[in-house]
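S.K.: Chains as they are written, first to last, in my numbering: chain W, 52 to 275; chain S, 39 to 494.
This is the structure in structure tokens:
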């Protein structure tokens, strides 16, 4: 997937590019609004990741110009302000999604995939990894064809892990994404919840899917 | 008196001042009247004495006995009560009529020309007159002067309450009229809250005290609005400025963690840094949110919220949290209770209270969640068996950066914004949050929110 990353802060642009390359995307980084508009109109991208605060033409005006030219490339806005008004404005201008800084790469990758899935209609409702499958609409989770009953939190946790199989997700990320971003119950909660999920998903199977990465977090990966 | 309304104070002071003025005035008038009457009596005495001495000189020319002339003193003068007569150098040969007058004079001849003494309980004026070696003291009653002063004071006494009543009524009315604009200003100014800072007091045409007062107040509102807007811009800018470095730090730490090029110890260090980074982010987010609540603008994404479902979810979190501390969970959640509000914010309130309850619960204790309907309200209680919060600390419990246990470290900590944020959120939903019970056995927080009626 070809992604245009418009971000003026060099260090942020660097780790976004690195993260996207790691998962097999093909990112092109550009640091100001005018170049971004030029690039987005002259070349084809699968998605544009657009910072709102930019030197020259700002992100919202790039978006406005793109949509005025009937360019429907999916746009994910990155912004340092998460006020309701700004969010509504961005979405009204035709952004496909919205991510407030600071964000984690897993989240950005998941949003990129979601935006493109929505557009292509591919795998819209069912996500799979190995013999684990999760239906986003019915909230049904099954492994090797057998239904697994999960509570709301457990389902959210599995869903989040399924967004980026193979990548390590830290406890902090799980805390934010599965619970509430602003709620900090300590990572203990995450561990307890992961253990319960693991019991339901991995017990009785030779191949374990939920792996602990010592000191860092967890990952969804087939292993012993 | 400091607690009285200003117009009552003004009324009271007017009455007091009027009373003081009237009493002073009455005293001066009565004194003058009395002095005048005494002067009249003195003049009369002098006339009588002159007459007596003339009469005596006439009689002496005719060789008559010295004392007989006294009998001829004019009886027509009703005020004259008696006399004393004697040679100036011989008190022993003093003659007195009537006899009791003799006690009045202790020194012969008397040292003062005019003086007043009580005789038989009546004020009596004495005048001392000398002719050659003879001294004559005449006495006259002051009864008439006393009576007229008494009449005057009596009239004052009757008039005083009536006058004071009129003054009280009048000054109350004036004070009310004078203070009416102030009352109106107070009402208008009270309606200018943080979210309506652009409003101003209605200006007055006149350049009187009230007009200037309004001008000054409006000027103050101008400055207030400016600094409020500046503060708002500042928080928004500060949040933005903070977020860029926080994003960089976070991205780089996560990137480093994923690379897997570190020893377990270095990894733990990086995870620690990541957690601190998130903590910092949460503090700045919460501060930004509180600052927005302060501006009074509605920060809520409103919609119908199924509070019962939200609490069932929260119960699951409570169970996860409680497992580590071996707490038992008791929950009684009435189904189908809905409120109007922001689900994310309300979840934050519930989780915050549950988190606190778990942190401060006694080990092996109980954590209790309840959601019930009470009248038009949804009542949510979160309670734990706990040490209780000291009474002197309860008042400040919902203040910012406040922690019930001052010695609490960051391990159990949180940012100290949790409960204040809870209160702001609940208040923005038109509800109330209280510490409803706190003793050595049980600590209980209660949240009351206006309930949405079920449509069917």
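The beta carbon of each residue, even a glycine, is placed where N, CA and C say it ideally should be.
A quick note: this is a predicted structure, and the numbers were derived from the prediction, not measured.
Name the residues in the segment 177-190 of chain W whose C-beta lies less than 8 Å from a C-beta of chain S; which are they?
M.R.: none
S.K.: When DSSP labels each residue in this structure, what does residue 58 of chain W get in the three-state scheme?
M.R.: Reduced to three states, the DSSP call for residue 58 of chain W is coil.
S.K.: Candidates W/251, W/226, W/66: which alpha carbon is nearest residue 239 of chain W's?
M.R.: W/226
S.K.: Any residues in the segment 309-327 of chain S with a beta carbon nearer than 9 Å to a beta carbon of chain W? Which ones, in chain order?
M.R.: 309, 312, 313, 315, 316, 317, 319, 320, 323, 324, 326, 327
S.K.: Would you call the CB atoms of residue 130 of chain W and residue 103 of chain W closer than 7 Å?
M.R.: Yes, they are a contact pair.
S.K.: If I measure Cβ to Cβ from residue 364 of chain S and keep anything under 6 Å in the same chain, skipping five residues before and after, which residues do I get?
M.R.: In its chain, beyond the 5 residues on either side, 402 have a beta carbon closer than 6 Å to the beta carbon of residue 364 of chain S.
S.K.: Could you say which of S/135, S/158, S/129, S/167 lies nearest to residue 144 of chain S if we only look at CA atoms?
M.R.: Checked all of S/135, S/158, S/129, S/167; the closest Cα to residue 144 of chain S is S/129.
S.K.: For the alpha helix (DSSP H) containing residue 189 of chain S, name the first residue and the last one.
M.R.: 181-229
S.K.: Find the residues of chain S that neighbour residue 201 of chain W, judging by a C-beta separation of less than 7 Å, and give them in chain order.
M.R.: The contacting residues do not exist; residue 201 of chain W stays about 11 Å from chain S at best.
S.K.: Are residue 66 of chain W and residue 289 of chain S touching if we call contact CB-CB under 7 Å?
M.R.: yes
S.K.: Can you tell me the Cα-Cα spacing of residue 139 of chain W and residue 405 of chain S, whole angstroms?
M.R.: 39 Å
S.K.: For residue 354 of chain S, return the contacting residues in chain W, with the cut-off set at a CB-CB distance below 8 Å.
M.R.: 202, 203, 204
S.K.: Could you give the DSSP three-state label for residue 338 of chain S: helix, strand or coil?
M.R.: coil
S.K.: Going along the segment 339-353 of chain S in order, which residues come within less than 7 Å of chain W, judged by CB to CB distance?
M.R.: 339, 351
S.K.: May I have the straight-line CA-CA distance separating residue 187 of chain S from residue 66 of chain S, to the nearest angstrom?
M.R.: 11 Å
S.K.: My understanding is that residue 127 of chain W touches residue 163 of chain W, with C-beta atoms under 8 Å, so please give their C-beta distance in whole angstroms.
M.R.: 7 Å
S.K.: Between which two residues does the alpha helix (DSSP H) carrying residue 268 of chain W extend?
M.R.: Not the alpha helix (DSSP H): residue 268 of chain W falls in the beta strand (DSSP E), residues 268-274.
S.K.: Skipping 5 residues on each side, what residues in its chain have a beta carbon closer than 7 Å to that of residue 241 of chain W?
M.R.: 222, 225, 226
S.K.: Whose Cβ in chain S lies nearer than 7 Å to the Cβ of residue 244 of chain W?
M.R.: Residues of chain S passing the Cβ test: 358.
S.K.: To the nearest angstrom, report how far apart residue 237 of chain S and residue 230 of chain S are at their CA atoms.
M.R.: 6 Å
S.K.: Answer with yes or no whether the minimum CB distance from residue 484 of chain S to chain W is below 7 Å.
M.R.: no
S.K.: By the criterion of Cβ-Cβ separation under 8 Å, what are the contact partners of residue 419 of chain S in chain W?
M.R.: Those do not exist, as residue 419 of chain S stays about 19 Å from chain W at its closest Cβ, beyond 8 Å.
S.K.: Would you mind telling me which residues of chain W sit closer than 8 Å to residue 284 of chain S, beta carbon to beta carbon, in chain order?
M.R.: Neighbours of residue 284 of chain S on chain W, chain order: 152, 153.
S.K.: What's the C-alpha gap between residue 330 of chain S and residue 374 of chain S?
M.R.: 31 Å
S.K.: Look at the alpha carbon of residue 187 of chain W and the alpha carbon of residue 408 of chain S, and state the distance between them as a whole number of angstroms.
M.R.: 31 Å
S.K.: Can you check whether the C-beta of residue 379 of chain S is within less than 7 Å of a C-beta belonging to chain W?
M.R.: no
S.K.: Using alpha carbons as the reference points, say which of W/189, W/200, W/118 lies closest to residue 141 of chain W.
M.R.: W/118
S.K.: Just the C-alpha distance for residue 105 of chain W and residue 273 of chain S, rounded to the nearest angstrom, thanks.
M.R.: Residue 105 of chain W and residue 273 of chain S: Cα-Cα distance of roughly 20 Å.
S.K.: Write down every uninterrupted run of the beta strand (DSSP E) in the segment 155-200 of chain W whose length is 3 residues or greater and which is fully enclosed by it, in chain order.
M.R.: 177-180, 183-186, 192-194, 197-199
S.K.: Starting from residue 165 of chain S and walking both ways along the alpha helix (DSSP H), at which residues does that stretch end?
M.R.: Segment 160-169 is the beta strand (DSSP E) holding residue 165 of chain S; no alpha helix (DSSP H) there.
S.K.: How long is the line joining the alpha carbons of residue 312 of chain S and residue 320 of chain S, rounded to whole angstroms?
M.R.: 12 Å
S.K.: Distance, Cα to Cα, residue 377 of chain S vs residue 383 of chain S?
M.R.: 12 Å
S.K.: So with Cβ pairs under 7 Å, would you call residue 266 of chain W a contact of chain S?
M.R.: yes
S.K.: List the endpoints of the continuous beta strand (DSSP E) containing residue 379 of chain S.
M.R.: First-last of the beta strand (DSSP E) with residue 379 of chain S: 376-379.
S.K.: Do you know how far the Cα of residue 480 of chain S is from the Cα of residue 372 of chain S?
M.R.: Between residue 372 of chain S and residue 480 of chain S, the C-alpha separation is close to 22 Å.
S.K.: From residue 209 of chain W to residue 285 of chain S, what does the alpha carbon distance come to, in whole angstroms?
M.R.: 26 Å
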